[in-house]
Amino acid sequence: MENLILLGHILFGIASFVGALLLTIGFRNTFANLTTIQKSGIVLTVASLFGTIAFAMLTKGNIVGAGLFIVLGLAMCWLLVVPKAVKE
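In this text, residue positions in the sequence shown follow our numbering: the first is 2, and each later residue adds one.
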């Protein structure tokens with residue numbers, strides 16, 4: 002039973018990771034047109050998903066992996082927020 006729980010956790014984690022990437026890619030060009038609540042929801046979702054993965058890696062002692070996911074999460078948020086600000 003524990004193996005099934007672990008497998009489910011991994012599968013849902015991968016789905017969340019892919020979902021965060023898709024949100025970033027999907028809204029990258031239109032992010033500036035969204036309302037503040039929509040922007041906040043997307044940025045919070047992306048940041049918290051990457052943060053959760055980094056936290057889990059830190060608890061297992063994987064500092065390099067955690068650092069990688071922190072950098073990736075920041076990069077995804079930067080992709081959403083910065084491009085429109087630079088063009089204006």
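For each residue, glycine too, the CB sits at the ideal point set by N, CA and C. Everything numeric in this text was worked out from a predicted model, so none of it was measured.
How is residue i classed by DSSP in three states: helix, strand or coil?
i	result
G62	coil
N1	The requested residue 1 is not part of the displayed model; the chain covers only 2 to 89.
M2	coil
L8	helix
T37	helix
With 16 as the cutoff for other CB atoms within 10 Å, does residue i come out buried or exposed?
i	result
I54	buried
Q39	exposed
F32	buried
I15	exposed
T60	exposed
M2	exposed
L24	buried
Give me the residue from the options with the minimum Cα distance to residue i.
i	options	result
L81	L7, G9, G27	G27
L75	L12, G52, L35, N30	G52
T125	V83, N4, G20, M2	Residue 125 is absent from the model: the chain starts at 2 and stops at 89.
V79	G68, I64, R29	Before going on, a small fix: residue 79 reads as Trp here, not Val. Ranking G68, I64, R29 by Cα distance to W79 puts R29 first.
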